[in-house]
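Positions 1 to 259 (this note's numbering) are the ones given, in order, by the sequence shown.
What follows is a short report on a single structure.
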Amino acid sequence: MLTSIKGKSVIVTGGSKGIGRGIARVFAAQGAKVTIAARGEEAAKAACDEINGSGGSATFHACDVSDWDSVRGMVDAVAKANGGLDIMCANAGAFPQTKMVDMDPAEWDQVMATNLRSAFLCVKASIPHFEKAGKGRVVLTSSITGPVTGFPGWAHYGASKSGQLGFLKTAAMELSRYNTTINAVMPGNIYTEGLQDLGQEYLDTMAASIPLKRLGAVEDIGNAALFFASDEAAYITGQTIVVDGGQILPESLEAIDEI
Ligand code: NAP
């Protein structure tokens with residue numbers, strides 16, 4: 001049983017859909033005051049309604065995580081409204097699938113801005129609030145794609161997710177000054193709106209290649225994020241946890257059939 005996070009002020013970027021929505025749900029179920037930061041209002045409002053309707057607390061704040069003014073404005077407004085900021089879950093991300101031969105360089109830049117620059121911006125905007133509170137927590141949503149595996153069409157995505165882990169190490173050192181930890185969850189294939197867009201064949205092939213024989217649930221990532229954000233994880237920083245149902249373990253295609 002983890003120490004309660006009741007009343008803590010938590011921002012979940014990309015909390016309107018998929019993994020972020022799962023993180024928001026898990027934190028709200030533990031009594032946290034959750035802010036969902038995303039661009040689209042409709043999905044974010046639906047996510048807030050679901051949480052508020054089941055006894056939790058969630059509000060929406062429009063934000064583009066690739067834009068400094070937008071991120072800084074959002075974080076400052078949330079801290080003002082909630083009496084501070086305790087936990088930043090920098091989760092928002094995009095994964096368009098385009099092979100390099102067809103990839104417009106602008107798409108590379110956009111993926112880097114959404115996935116990697118955003119991690120830096122979210123942390124930078126949070127620092128003054130963690131400094132004021134004398135403590136803080138950051139949880140990044142990275143991926144197995146990039147740091148551990150490759151997949152055609154995701155050169156930019158994989159680079160951005162590996163980049164997050166490079167950022168993590170120095171960020172952990174700099175944030176220690178503010179008694180703040182930063183860690184990353186590395187999901188495998190998690191059943192989300194974004195993943196559904198890749199088509200049923202992709203989902204079926206992926207599920208078959210996972211030792212636990214299912215795609216992950218968004219709560220599987222939410223629970224790992226909750227641990228990193230807990231008091232019990234106070235001495236863990238600059239670290240990662242793979243949450244993938246064992247997907248990266250098989251040495252060969254045949255190995256999965258031997259189970
Ligand atoms: P998703 O279902 O497509 O949801 C993405 C979320 O991010 C949405 O809330 C979206 O809202 C928000 N977002 C995207 N661009 C944004 C921007 N520029 N500013 C603010 N919000 C933005 O994606 P997901 O599958 O849940 O993925 C979430 C995170 O997990 C990503 O970082 C992804 O790389 C990572 N991940 C996912 C998987 C997986 O299997 N699903 C595996 C490994 C890692 P708006 O579009 O309205 O802004």
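Ideal Cβ positions, reconstructed from N, Cα and C, are used throughout, including at glycine.
- Closest option to N183, judged by alpha-carbon separation, among S176, D197 and V138: V138.
- For N82, the uninterrupted alpha helix (DSSP H) run begins and ends at W68 to N82, by DSSP.
- In this structure K169 is not in contact with G84, their Cβ atoms being roughly 27 Å apart against a cut-off of 8 Å.
- The bridge partners DSSP lists for N183 are V139.
- Within the same chain, Cβ atoms closer than 8 Å to the Cβ of K213 are found at A207 and G245, the five residues on either side in sequence being excluded.
- Counting the other CB atoms within 10 Å of its CB gives K132 a total below 16, which places it among the exposed residues.
- Residue pairing for F167: DSSP places it in no beta bridge.
- The beta carbons of S162 and T114 sit about 15 Å from each other, so the pair does not count as a contact at 8 Å.
- In this model, E41 and E50 are separated by some 14 Å (Cα to Cα).
- In this structure, the alpha-carbon of A43 lies about 18 Å from that of F27.
- Contact between V111 and H156 holds, since their C-beta atoms are separated by about 4 Å, short of 8 Å.
- Proximity of the stretch 137-151 to the stretch 192-200 falls short of the contact definition, fewer than three beta-carbon pairs being nearer than 8 Å.
- By a beta-carbon distance limit of 8 Å, M186 contacts I241. Their separation comes to about 7 Å.
- Nearest to I256 by C-alpha distance, out of S118, G15, I210 and I236, is I210.
- Put simply, the backbone Cα of V243 is about 8 Å away from that of A224.
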